[in-house]
Each structure stands twice: as C-alpha cells, then as structure tokens.
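Residue numbers (the numbering used here): 1 to 168.
Where is the CB? At the ideal position from N, CA and C, for every residue including glycine.
This report concerns only the one structure given below.
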Amino acid sequence: MIGAVLAGDTLYQLRVSLQLAENERLGGMGTHISPFIDAQDIGGLMNKAGFEMITLDSDELEIGYPNMFALLYDLQIMGESNSTIKRTASLRKDILIAADSIYRIMYGKEGDRYPATFQIYSFIGWRPGPKGPQKAAKRGSQNVSFKDLSEVIENRNKFVPSDSDEKK
Numbered sequence: 001m002i003g004a005v006l007a008g009d010t011l012y013q014l015r016v017s018l019q020l021a022e023n024e025r026l027g028g029m030g031t032h033i034s035p036f037i038d039a040q041d042i043g044g045l046m047n048k049a050g051f052e053m054i055t056l057d058s059d060e061l062e063i064g065y066p067n068m069f070a071l072l073y074d075l076q077i078m079g080e081s082n083s084t085i086k087r088t089a090s091l092r093k094d095i096l097i098a099a100d101s102i103y104r105i106m107y108g109k110e111g112d113r114y115p116a117t118f119q120i121y122s123f124i125g126w127r128p129g130p131k132g133p134q135k136a137a138k139r140g141s142q143n144v145s146f147k148d149l150s151e152v153i154e155n156r157n158k159f160v161p162s163d164s165d166e167k168k
C-alpha cells in the first residue's frame, strides 16, 4: 500500500484564527476544519491491517494566499471542507471577518500574504506474500550494481550481471 494524506498540523493558522474569533464572539468554539490524522495513527492503522515494513515520511508545504477567504475557497473546491458529523452548518459573517483579521495579524507575511501550512505524510507498507512474511534483503545480497541500473531498466529481461557483480 502506498499513499499520501494531509495530516498533523495542516492548516493550523486557519484553525487557530477561527477558534479565537469564535471564542471572542460566542464565548466558545466549534469544529470548522476536519481533524487530521497523526503519524502514529497511520502506522498503527497500517499495522492492524496487516502491513509490514511500514515507512512514513513527512513534508511541509506553505502556500501564500491573498486573504483567508481565498484559502477557504480553495479548500472547498479541493473537497477539504469540514466533514465532521456534529458541525455547525455555517459561520457568521462577523466571525469570518474577525478570523481574517486575526489570521493577518498573527500569521501574515510580507506582501500581505496569508501563509497556509499543509503537512503531508507519505507512507508505504508491504503485506506478507503467499510464501510468508517479506523481509528486507540482506545488505550486499543484490545481484545487480546500482551503476548498472540504467542498463537494467533499458534491457529489462536481457540484462546479464557484470563479472564484478558475480564475484560478490
């Protein structure tokens, strides 16, 4: 299995801005951004599903927006609007305007850019094959050198290992 998901602290700037604005205006806050999975949860779920040799990598991408509303529009067309069951249907206009101001003051950057952070977790895991669990090959057990890799790709099934590879 191989995949990539938005996770971790994705959109923390937007989340904090909405929470502060709503808390100020309403004395409490709701969930307006879908929760994101943590690295430990990905590994745990894959392990429970029977995957082995699980590898996880994290990348962080920061994208600048002219305002919070442009970010909200992009999230909506990406299908990343709030998917929680007990969410409020919409946000009041005064809360959105307050959140935009908070976002600009707390996180705004030069050139009137609003940074939006996306944390992306890429992962891969292997399922045991019919002959039993897969294990990583022993170091040095390969029969082809990396220096010959381009030749292997070009010739696929025609490749014959060099003399130096056979002696190892």
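Select from the options the residue whose C-alpha is nearest the C-alpha of residue i.
i	options	result
glycine 64	Arg113, Asp38, Val144, Leu96	Arg113
valine 16	Pro35, Ile153, Ile102, Gly79	Ile102
glutamate 60	Lys93, Val5, Ile77	Val5
alanine 39	Ile120, Gly28, Gln142	Ile120
leucine 91	Glu154, Ile33, Ile153	Ile33
glycine 27	Gly3, Ile153, Ile95, Glu151	Ile95
alanine 136	Phe146, Met106, Ile77, Glu52	Glu52
arginine 104	Leu71, Ser145, Asn155, Leu149	Leu71
alanine 7	Lys147, Pro35, Gly43	Pro35
glutamate 62	Arg25, Leu14, Ile37	Leu14
arginine 25	Lys93, Gly43, Gly129	Lys93
DSSP state of residue i, grouped into three classes?
i	result
alanine 137	coil
glutamine 142	coil
lysine 131	coil
leucine 11	coil
Might you give, ordered along the chain, the residues of its own chain that have their beta carbon closer than 8 angstroms to the beta carbon of residue i, omitting 5 neighbours on each side?
i	result
methionine 46	Met1, Ile54, Phe123, Gly125
aspartate 100	Ser17, Asn67, Met68, Phe69
lysine 109	Gly64, Pro115
Does the beta carbon of residue i sit closer than 9 angstroms to a beta carbon anywhere in chain D?
i	result
glutamine 19	Structure shown: chain D not included; a single protein chain is present.
Under 8 angstroms by Cβ, that's how I've got residue i and residue j pegged, so tell me the actual separation to the nearest angstrom.
i	j	result
leucine 11	alanine 116	6 angstroms
arginine 127	glycine 50	6 angstroms
Spatial neighbours of residue i within its chain, please: CB distance less than 6 angstroms, with the 5 preceding and 5 following residues excluded, ordered by chain position.
i	result
aspartate 9	Gln119
alanine 98	Ala21
aspartate 57	Ser122
lysine 168	Here the model assigns lysine 168 a pLDDT of 49, short of 50, so the residue's position is not dependable, and the following value carries that caveat. Contacts found: none.
Leaving out the 5 sequence neighbours to the left and right, which residues in its chain are closer than 7 angstroms to residue i when beta-carbon positions are compared?
i	result
glycine 43	Ile54, Leu56
*List in chain order: all unbroken beta strand (DSSP E) runs of 3+ residues lying wholly within the segment 28-95.*
52-65
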